[in-house]
Amino acid sequence: MKIMAVCGMGIGTSVLLKMNAEKVLRQLGLEATVEATDVNTARETRDAQIILTTPDLVASLTGLPAEIISIDHFFDLEEITTKLTKSLL
Amino acid sequence: MVSQKPLPSRKFPALSLAFAENSIQVGAIALDREHAIELAGNLLVASGRTTPEYTDEMLGALAEHGPYMVIAPGIALVHGRPSEAVLETGLSLVVLGEPIEFQHATNDPVRLVIGLCAFDHSSHIEIMQELAQALSDDELVNSLLNADNSEDIRQLFEI
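Given below as structure tokens:
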């Protein structure tokens, strides 16, 4: 399974999101690759099952085959866990 | 029985290198969200990590994508992408004297503005790990917000 963590530039926000998503996936015992990328690259990508991003970027990413999960608080592992669990389990 | 679990480390070696001299400002007053970003960009320039063009890129990200960089309540992580405007990977930090509305749906108002510049796509990964660790620590974030001066903040990171 491939998950994309997406932000405007692909080096800051998305990297933090990727790190915390990986932490949550490990806790849940789930195997997935998480890739940090920018919104333009994400728009060209078709092989991700889930896109993690921030509320402001959701509109730019709709229409892709992936499920979009928007995260409000990047350091709230509970929020990430709840939202990922809901779509994965 | 003695616990085998190591004590949580308060050392941030990558952060201490990332915050160069003149990269931290406490009690700054910003007029609006653009100005707040500019202040963080100015510190990256003042500390020798970027050229002024990078600040324009940071502002461009806001104009193009909206306030997505407000990653947690009260905290914005502003950055451009690796480019010729980046001289060296680094961070800056502005603790705003007055909170600023970034027009984010859930995380306004912002008091901590962190500027990030990365020379490439991999040189800043350790910095990001330590940043995530630091900003997940509510106690540390509170200490950042209540710091009197930049020296206080350096000590928090044990620089």
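Keeping their order, the protein sequence lines are chains A and B.
With the working numbering as the guide, the letters of the first sequence map in order to residues 7 to 95.
With the working numbering as the guide, the letters of the second sequence map in order to residues 840 to 998.
Glycine is no exception: its CB is placed at the ideal position from the N, C-alpha and C atoms.
Only a predicted model underlies this, so the values are computations on that prediction, with no experimental measurement involved.
- Going by DSSP, Ser961 (chain B) is part of no beta strand (DSSP E) at all; its letter is neither H nor E.
- For Arg872 (chain B), no CB of chain A lies under 8 Å from its own CB, so it is not counted at the interface with that chain.
- With respect to chain B, the C-beta atom of Met25 (chain A) has a partner C-beta closer than 8 Å.
- When C-alpha distances from Gly929 (chain B) are compared across B:Glu937, B:Leu935, B:Val917, B:Ile939, the shortest belongs to B:Val917.
- Under the Cβ distance rule, Gly69 (chain A) does not count among the residues neighbouring chain B, no pair being separated by less than 8 Å.
- In the DSSP secondary-structure assignment, Lys8 (chain A) is bridged to A:Thr39.
- Between Asp53 (chain A) and chain B, the shortest Cβ-Cβ separation is not below 8 Å.
- Interface criterion not met: the Cβ of Thr889 (chain B) is under 8 Å from no Cβ in chain A.
- The three-state secondary structure of Gln864 (chain B), taken from DSSP, is strand.
- DSSP places His918 (chain B) inside the beta strand (DSSP E), whose first and last residues are 914-918.
- Per the coordinates, the alpha-carbon of Arg872 (chain B) lies some 6 Å from the alpha-carbon of Ile939 (chain B).
- Taken in chain order, the members of the segment 937-951 of chain B whose beta-carbon sits within less than 9 Å of a beta-carbon on chain A are His943, Ala944, Thr945, Asn946.
- Straight-line spacing of the CA atoms in Ile86 (chain A) and Asn946 (chain B) works out to 16 Å.
- Taking 8 Å as the Cβ-Cβ cut-off, the segment 951-983 of chain B approaches chain A at Leu955, Ala957, His960, His963, Ile964, Met967, Gln968, Leu970, Ala971, Leu974, Ser975, given in chain order.
- Secondary structure note for Pro891 (chain B): its alpha helix (DSSP H) is the uninterrupted segment 891-904.
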